[in-house]
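For what it's worth, my numbering labels the leading residue of the sequence shown as 462, then goes sequentially.
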Amino acid sequence: MESTDILKELKELSPELSKAVANRYEDKKYTPEKWKDKGHHEQIKDYLINERKLSTRLVNGLIDRGLLRELKYGDALFVWKEKGREVGSDIQGTRIDHEKYGDRGTKKMVVPGSKKNYGFNFSVRTKADKQKFFIFESPIDALSFYQTYMPKNYQKKDEGYRFISLNGAGTKLETIGDFFRTVGVPDELHLNFDTDKAGVKAFMKFVVNTDIGFESKFTTNEKQVKVYADIPKSVDVKDWNEALQKGETEFTTLDMPQYIEYVKGKLGDNVALDIATEAAHEKKKFDFVKYPKEKNNVQSPNVVNKRKSKER
Numbered sequence: 462m463e464s465t466d467i468l469k470e471l472k473e474l475s476p477e478l479s480k481a482v483a484n485r486y487e488d489k490k491y492t493p494e495k496w497k498d499k500g501h502h503e504q505i506k507d508y509l510i511n512e513r514k515l516s517t518r519l520v521n522g523l524i525d526r527g528l529l530r531e532l533k534y535g536d537a538l539f540v541w542k543e544k545g546r547e548v549g550s551d552i553q554g555t556r557i558d559h560e561k562y563g564d565r566g567t568k569k570m571v572v573p574g575s576k577k578n579y580g581f582n583f584s585v586r587t588k589a590d591k592q593k594f595f596i597f598e599s600p601i602d603a604l605s606f607y608q609t610y611m612p613k614n615y616q617k618k619d620e621g622y623r624f625i626s627l628n629g630a631g632t633k634l635e636t637i638g639d640f641f642r643t644v645g646v647p648d649e650l651h652l653n654f655d656t657d658k659a660g661v662k663a664f665m666k667f668v669v670n671t672d673i674g675f676e677s678k679f680t681t682n683e684k685q686v687k688v689y690a691d692i693p694k695s696v697d698v699k700d701w702n703e704a705l706q707k708g709e710t711e712f713t714t715l716d717m718p719q720y721i722e723y724v725k726g727k728l729g730d731n732v733a734l735d736i737a738t739e740a741a742h743e744k745k746k747f748d749f750v751k752y753p754k755e756k757n758n759v760q761s762p763n764v765v766n767k768r769k770s771k772e773r
């Protein structure tokens, strides 16, 4: 639920809550020292390589560049870096416990104090003329798509790519606006969310227009950005990592009209219309296109293709 909807619901359930005195608190400061590397990476390698099917080379590359480390109890810490500085992280558990973590089965959390409206991200060829941003709900989805996408596109020297995890979908969209502000506006924005209600609504917030319906692009104060969704060709997978695990390496890139038809076929016409209506209503609270780009911007370092890790 959106925060405003939560407050409205709480006030209806318990009116006295709306009259309560607000408590003041200070945001916790992110301290990387509290989330130290265990000293070896056997458990996260076993989980990410053998269970999640990420390549040994990719996992080693992340470790070598300080974007991934193993914590005390074997959990994987995905590090958020901004201009080379660690500003946050999120944790992916490596032990299955459905009783404690429900259907997902593993621990999953953003580390307290992590930078607001930011997330795990990495890039390839940040100086290329044409830039594409690929947005995902989790670091592992971003890495899974990268592993599928890059072998087919690595030779396109005129294109640069940034892969960004939101650690969620509908409630984290401001993150994309902040990336526009800090690293620049891309030529293409690929919103590769899950095709559940939250993911579809997040996508529609970018392209719904209450006056003319839907558009496959939007305009910032810098340039016009085309919006797409990349969809695994298999209809039997729920996200990019499941596609990777099942060996599904083919995907389809859809523009807005094609995506709407895809959603109708997957969720039904009525559900698609309800989601679009909600997206149009909530778009009024979501204004990301007016962010000015920061001056003297320094691009974050390339992750994988400057220094290649050896197979271990």
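Just so it is clear, CB atoms sit at the ideal spot from N, CA and C, and this is done for glycine as well.
Source: prediction; values computed, not measured.
Asked                                                                                                                                                               : Found
Can you give me the start and stop residues for the beta strand (DSSP E) that Ile552 sits inside?                                                                   : Arg546 to Gln553
Output yes or no for whether 8 Å exceeds the beta carbon distance between Pro647 and Lys593.                                                                        : yes
With DSSP as the reference, label Gln706 as helix, strand or coil.                                                                                                  : helix
Could you spell out where the beta strand (DSSP E) holding Val585 opens and where it closes?                                                                        : Asn582 to Val585
My output table needs one value for Gln608: the three-state DSSP class, helix, strand or coil.                                                                      : helix
Are the CB atoms of Arg586 and Tyr622 nearer to each other than 8 Å?                                                                                                : yes
So what does DSSP say about Pro476, is it helix, strand or coil?                                                                                                    : helix
Any chance the segment 723-741 sits against the segment 634-644, with 3 or more Cβ pairs inside 8 Å?                                                                : no
Go through its chain and collect everything with a Cβ distance to Tyr562's Cβ below 8 Å, but skip five positions before and after it.                               : Gly554, Lys568 and Lys569
Is there contact between the segment 654-664 and the segment 610-619, where contact requires at least three CB pairs shorter than 8 Å?                              : no
Is the closest heavy atom of the ligand MN to the C-beta of Tyr622 under 7 Å?                                                                                       : Among the components of this structure there are no ligands whatsoever, and the ligand MN is therefore not found.
Quick one: residues in its chain with C-beta nearer than 6 Å to the C-beta of Leu427, no 5 flanking neighbours on either side, listed in chain order?               : Nothing can be reported for residue 427: it is not among the residues displayed for the chain, which extend from 462 to 773.
Roughly how far, in whole angstroms, is the beta-carbon of Ile552 from the beta-carbon of Phe597, given that I think they are within contact range, below 8 Å?      : Incorrect: roughly 17 Å between the Cβ atoms, too far for contact.
Spell out the partners DSSP gives Trp541 in its beta bridges.                                                                                                       : Gly549
By DSSP's criteria, Gly621 is part of a beta bridge. Which residues make up the other side?                                                                         : Gln592
Who are the near neighbours of Glu722 in its chain, counting only those whose CB is closer than 8 Å to its CB and skipping five residues on each side?              : none
Check Gln685 in the structure and name its three-state DSSP category.                                                                                               : strand
Could you pull out every residue in the same chain whose Cβ sits closer than 8 Å to the Cβ of Ser575, ignoring the five residues on either side in sequence?        : Tyr491, Trp541, Val548, Gly549, Ser550 and Asp551
In chain order, what residues of the same chain have a beta carbon less than 6 Å from the beta carbon of Tyr752, not counting five sequence neighbours either side? : At Tyr752 the pLDDT is 45, less than 50, meaning the model places this residue with poor confidence; the figure from the coordinates comes in the next sentence. Cβ within range, chain order: Gly638, Phe641 and Arg642.
Taking the alpha-carbon positions, what's the Phe581 to Leu538 distance?                                                                                            : 10 Å
Please classify Ile467: does DSSP put it in a helix, a strand, or coil?                                                                                             : helix
By how many angstroms is the C-alpha of Asp536 removed from the C-alpha of Ile505?                                                                                  : 7 Å
What's the gap between the Cα of Ser584 and the Cα of Lys497?                                                                                                       : 24 Å
On the criterion of 16 or more Cβ atoms from any shown chain inside 10 Å, does Gly660 qualify as buried, or is it exposed?                                          : buried
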